[in-house]
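2 protein chains.
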Amino acid sequence: MGLTTYYTPTRVTFGPGAEDQVAERLKAEGAEKVLVHYGSARIERSGFLAGILSRLDEAGIAHVELSGVVPNPRLSLVRKGIEVCRREGVDFILAIGGGSVIDSSKAIGYGAAYEGDVWDFYSRKAVPQKTVPVGCILTMAAAGSEMSDSSVITNDESGEKRGCNSYVCRLRFALMDPTLTCTLPPYQTGCAVVDIMMHTIERYFTGGQSMHFTDQMAYALLRSVMEAGLKALKTPDDYQARATIMWASSLSHNGLMAVGNDTRGDWACHQIEHELSGMFDVAHGAGLAVVFPAWLKYNISDASERIAALGYNVFGVKRTRSEKEDARTTIAAVEKFFRRMGMPTRLTKLLGVRITDQTIDTLADNCTFHGQRTVGLMNPLDGEAIKLIYRLAR
Amino acid sequence: MGLTTYYTPTRVTFGPGAEDQVAERLKAEGAEKVLVHYGSARIERSGFLAGILSRLDEAGIAHVELSGVVPNPRLSLVRKGIEVCRREGVDFILAIGGGSVIDSSKAIGYGAAYEGDVWDFYSRKAVPQKTVPVGCILTMAAAGSEMSDSSVITNDESGEKRGCNSYVCRLRFALMDPTLTCTLPPYQTGCAVVDIMMHTIERYFTGGQSMHFTDQMAYALLRSVMEAGLKALKTPDDYQARATIMWASSLSHNGLMAVGNDTRGDWACHQIEHELSGMFDVAHGAGLAVVFPAWLKYNISDASERIAALGYNVFGVKRTRSEKEDARTTIAAVEKFFRRMGMPTRLTKLLGVRITDQTIDTLADNCTFHGQRTVGLMNPLDGEAIKLIYRLAR
Numbered sequence: 316m317g318l319t320t321y322y323t324p325t326r327v328t329f330g331p332g333a334e335d336q337v338a339e340r341l342k343a344e345g346a347e348k349v350l351v352h353y354g355s356a357r358i359e360r361s362g363f364l365a366g367i368l369s370r371l372d373e374a375g376i377a378h379v380e381l382s383g384v385v386p387n388p389r390l391s392l393v394r395k396g397i398e399v400c401r402r403e404g405v406d407f408i409l410a411i412g413g414g415s416v417i418d419s420s421k422a423i424g425y426g427a428a429y430e431g432d433v434w435d436f437y438s439r440k441a442v443p444q445k446t447v448p449v450g451c452i453l454t455m456a457a458a459g460s461e462m463s464d465s466s467v468i469t470n471d472e473s474g475e476k477r478g479c480n481s482y483v484c485r486l487r488f489a490l491m492d493p494t495l496t497c498t499l500p501p502y503q504t505g506c507a508v509v510d511i512m513m514h515t516i517e518r519y520f521t522g523g524q525s526m527h528f529t530d531q532m533a534y535a536l537l538r539s540v541m542e543a544g545l546k547a548l549k550t551p552d553d554y555q556a557r558a559t560i561m562w563a564s565s566l567s568h569n570g571l572m573a574v575g576n577d578t579r580g581d582w583a584c585h586q587i588e589h590e591l592s593g594m595f596d597v598a599h600g601a602g603l604a605v606v607f608p609a610w611l612k613y614n615i616s617d618a619s620e621r622i623a624a625l626g627y628n629v630f631g632v633k634r635t636r637s638e639k640e641d642a643r644t645t646i647a648a649v650e651k652f653f654r655r656m657g658m659p660t661r662l663t664k665l666l667g668v669r670i671t672d673q674t675i676d677t678l679a680d681n682c683t684f685h686g687q688r689t690v691g692l693m694n695p696l697d698g699e700a701i702k703l704i705y706r707l708a709r
Numbered sequence: 316m317g318l319t320t321y322y323t324p325t326r327v328t329f330g331p332g333a334e335d336q337v338a339e340r341l342k343a344e345g346a347e348k349v350l351v352h353y354g355s356a357r358i359e360r361s362g363f364l365a366g367i368l369s370r371l372d373e374a375g376i377a378h379v380e381l382s383g384v385v386p387n388p389r390l391s392l393v394r395k396g397i398e399v400c401r402r403e404g405v406d407f408i409l410a411i412g413g414g415s416v417i418d419s420s421k422a423i424g425y426g427a428a429y430e431g432d433v434w435d436f437y438s439r440k441a442v443p444q445k446t447v448p449v450g451c452i453l454t455m456a457a458a459g460s461e462m463s464d465s466s467v468i469t470n471d472e473s474g475e476k477r478g479c480n481s482y483v484c485r486l487r488f489a490l491m492d493p494t495l496t497c498t499l500p501p502y503q504t505g506c507a508v509v510d511i512m513m514h515t516i517e518r519y520f521t522g523g524q525s526m527h528f529t530d531q532m533a534y535a536l537l538r539s540v541m542e543a544g545l546k547a548l549k550t551p552d553d554y555q556a557r558a559t560i561m562w563a564s565s566l567s568h569n570g571l572m573a574v575g576n577d578t579r580g581d582w583a584c585h586q587i588e589h590e591l592s593g594m595f596d597v598a599h600g601a602g603l604a605v606v607f608p609a610w611l612k613y614n615i616s617d618a619s620e621r622i623a624a625l626g627y628n629v630f631g632v633k634r635t636r637s638e639k640e641d642a643r644t645t646i647a648a649v650e651k652f653f654r655r656m657g658m659p660t661r662l663t664k665l666l667g668v669r670i671t672d673q674t675i676d677t678l679a680d681n682c683t684f685h686g687q688r689t690v691g692l693m694n695p696l697d698g699e700a701i702k703l704i705y706r707l708a709r
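Put into structure tokens, the structure is as follows:
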């Protein structure tokens, strides 16, 4: 078995009203000039932002705002944020939002503490050594960025969507109030649940052996978030459901679900999906709902045991004499659940149009960095394999 | 629902050979003069200690050793450690061992960074503000001290066993190699499994509502560690079993099992047990195996729903029409499992002698700080209730 590093130094405050601690936490971090970074008009409209800013004012914490983050957050706004940080002498970044805002904040933090171009970290020309510290008020739970070491940015000049993983960017604090997510629309709730599930599932399909205990924790997380997802669609303000989704978003992506496993997971589905949302600007969760079933179909012969185990422990699949048959039943159950969550499971449904073989070639070529890499660890995929998966997903 | 703070900044390295990173981690912490603190002759005899010390020497890290930690670690040795730290200018404490060694190290860390008497923190006259930083190589998994905010010390002048909880003492790193625990004798393995279970169960019996997702994670942890415990008794060097026990020890006591719950748990059983191990120097896990069933019996009317749910989800209890009946079945299943793990479930068995009513009065009086406090949050217990529980346990 391999060595795991598990390091989650983010101070979490979880529960209704967690955001009320914002000034106290910023003070504890010694923040004097804060960049308040957020996305949606929802934050402004509801008076929520004004409430937070007045807390900062009362505490004598200077601040400057930068809004406009969109899903699949853009490099251009990151660059703008870095400029603001330098010009204003920002010493702390407060993200108010979900994964896009936090990922954007992490990128701004890296860039503001770096002489060169921030895209270096995403194109793997450089490795982050330091950052302007970041904290968040989570208003949308899905990406798990509040506790993860990951940031994914879309380069709006080239259309590339690239991730950067580093312990450097672990948030200093995360204020997590599940009641703030009760107004999330059903489609976004569906996307969130799929994204959360996939952060655990990518780690479950480890490139090697897994720790049995970690498998059991993964099964418990998956069952819980699936049940909560269906409940949240039916009763959007169900506190237990929203709390489960929010906390599962963190635990799914903070590294817990890979402890003791031989690797930190497969991650092919994420790479294959990133090309879709990079090119078509679709929601990441919806893209994953399309890619994962196709990936499972591609891998059914090599991974039937692991797929079937997922079925037995999470999707209520009954054991028959054929493991491969059970794996097939599991794949059908996965698709059925995604559809119950209002998610597409085919590319044509996701995009509203059937994509051409030529587009698939381009997607696969981008995904392999033009033939320079394979994706996935459990079963490394080259360009031809990736094309096949896009076709299975079509 | 209440607010939870979840803060686990300890950098964990988990897997075979984790201890090989000791010099690298100490360097990363800037340690220049290390107190190497350990307990048993086992560490010296096996050549393990020599191997670690030579790694420190190779890396040019100065060190001084302090051995002699015993279960229910003593204040007198803590005082000695503080003296050593001051005299030698120690700037980092490396604990090699299990909960006793780590708890002792935390106490030394507090005391060495404090002008007054270290016992102030345990008698609640003072609250720790800083510490000499601590890291560990875990060689015994049970107490979960490697990730917890807790330290429990026995005052060998007064016989009192008292705990101090503070975020200040979270370890900087924990090197966790499950293979180091394969030689643990069966009785200690039994004590470990009970201790681990109880850290989750104390939090499960919250003083208020619980988060359903946290309940599910608790059930998964309990089922996993019970299965692993039985496997480790049968096959002491089963890697998966030892890995599960080790990682469960951390997750059970780092706060994860109380996230979203109204309180951080009940903890009456721990307080009632501390008096036993303080007075009779019995193993903490064995003491808990005696106290918990009695505590359950005392609470069966008030908590039958929660007890029965534990039965359904962890102990394989079949649901009947009577929840109270199912709670009773659960208590029997708990006792049966503890006995399978080689644990006593009665005081007389634990101590080898039937204790008198007078002794019970003394234990209960100590436990309430001579009538100055109740213990437990789910159902606060006064001296009379505690006496009854000791009698039920007899």
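Line order of the protein sequences matches chains U and L. Residue 316 is where the first sequence starts when you use the numbering used here, and the numbers rise one by one after that. Residue 316 is where the second sequence starts when you use the numbering used here, and the numbers rise one by one after that. The beta carbon of each residue, even a glycine, is placed where N, CA and C say it ideally should be.
Contact with chain L by residue i, beta-carbon distance below 8 Å
{"i": "residue 333 of chain U", "result": "yes"}
{"i": "residue 455 of chain U", "result": "no"}
{"i": "residue 499 of chain U", "result": "no"}
{"i": "residue 621 of chain U", "result": "no"}
{"i": "residue 558 of chain U", "result": "yes"}
{"i": "residue 513 of chain U", "result": "no"}
{"i": "residue 527 of chain U", "result": "yes"}
{"i": "residue 326 of chain U", "result": "yes"}
{"i": "residue 407 of chain U", "result": "no"}
{"i": "residue 693 of chain U", "result": "no"}
CB contact flag (residue i, residue j, <8 Å)
{"i": "residue 476 of chain L", "j": "residue 592 of chain L", "result": "yes"}
{"i": "residue 433 of chain U", "j": "residue 385 of chain U", "result": "no"}
{"i": "residue 424 of chain L", "j": "residue 581 of chain L", "result": "no"}
{"i": "residue 349 of chain L", "j": "residue 400 of chain L", "result": "no"}
{"i": "residue 559 of chain L", "j": "residue 528 of chain U", "result": "yes"}
{"i": "residue 545 of chain U", "j": "residue 567 of chain U", "result": "no"}
{"i": "residue 587 of chain L", "j": "residue 675 of chain L", "result": "no"}
{"i": "residue 705 of chain U", "j": "residue 629 of chain U", "result": "no"}
{"i": "residue 513 of chain L", "j": "residue 571 of chain L", "result": "no"}
{"i": "residue 407 of chain L", "j": "residue 362 of chain L", "result": "no"}
{"i": "residue 488 of chain U", "j": "residue 575 of chain L", "result": "no"}
{"i": "residue 507 of chain U", "j": "residue 600 of chain U", "result": "yes"}
{"i": "residue 645 of chain U", "j": "residue 625 of chain U", "result": "yes"}
{"i": "residue 417 of chain L", "j": "residue 461 of chain L", "result": "yes"}
Own chain residues within Cβ distance below 6 Å of residue i, not counting five before or after
{"i": "residue 470 of chain U", "result": "390"}
{"i": "residue 495 of chain L", "result": "454"}
{"i": "residue 452 of chain L", "result": "334, 411, 490"}
Residue-level contact to chain U via CB, residue i, 8 Å cutoff
{"i": "residue 532 of chain L", "result": "yes"}
{"i": "residue 444 of chain L", "result": "no"}
{"i": "residue 503 of chain L", "result": "no"}
{"i": "residue 624 of chain L", "result": "no"}
{"i": "residue 779 of chain L", "result": "Residue 779 of chain L lies beyond the range of chain L shown here (316 to 709); nothing can be said about it."}
{"i": "residue 521 of chain L", "result": "no"}
Proximal residues of chain A, C-beta to C-beta of residue i below 7 Å
{"i": "residue 541 of chain L", "result": "No chain A appears in this structure, whose protein chains are U and L."}
Contact set for residue i: own chain, Cβ-Cβ below 7 Å, skip 5 residues either direction
{"i": "residue 596 of chain L", "result": "387"}
{"i": "residue 583 of chain U", "result": "610, 690, 691, 696"}
{"i": "residue 422 of chain L", "result": "393, 433, 466, 468"}
Cut-off 8 Å between Cβ atoms - residues of its own chain near residue i, not counting five sequence neighbours on either side
{"i": "residue 395 of chain U", "result": "381"}
{"i": "residue 664 of chain L", "result": "605"}
{"i": "residue 356 of chain U", "result": "none"}
What residues in the region 564 to 578 of chain U have a beta carbon less than 7 Å from any beta carbon of chain L?
-> Correct list: 574, 575.
With 7 Å as the C-beta to C-beta threshold (strictly closer), list the residues of the region 637 to 660 of chain U near chain L in chain order.
-> The residues in question: there are none.
Which ranges does the alpha helix (DSSP H) cover as unbroken runs of at least 4 residues, wholly within the region 325 to 390 of chain U, from first to last along the chain?
-> Whole alpha helix (DSSP H) segments, 4+ residues: 337 to 343, 356 to 360, 363 to 373.
Which whole runs of the beta strand (DSSP E) in the region 550 to 611 of chain U are 3 residues long or more, in chain order?
-> Fully enclosed beta strand (DSSP E) runs of 3 or longer: not present.
Taking the runs of the beta strand (DSSP E) that are 3 residues or longer, which of them lie wholly in the region 462 to 519 of chain U?
-> Segments of the beta strand (DSSP E) lying fully in the region 462 to 519 of chain U: 465 to 469, 476 to 480, 488 to 491.
Whole runs of the alpha helix (DSSP H) within the region 634 to 709 of chain U, excluding any shorter than 4 residues = Taken in chain order, the whole alpha helix (DSSP H) runs of length 4 or more contained in the region 634 to 709 of chain U are 638 to 655, 662 to 666, 672 to 682, 698 to 708.
Chain L contacts made by the region 360 to 378 of chain U, where a contact means CB separation under 8 Å = Result list empty, no residue passes.
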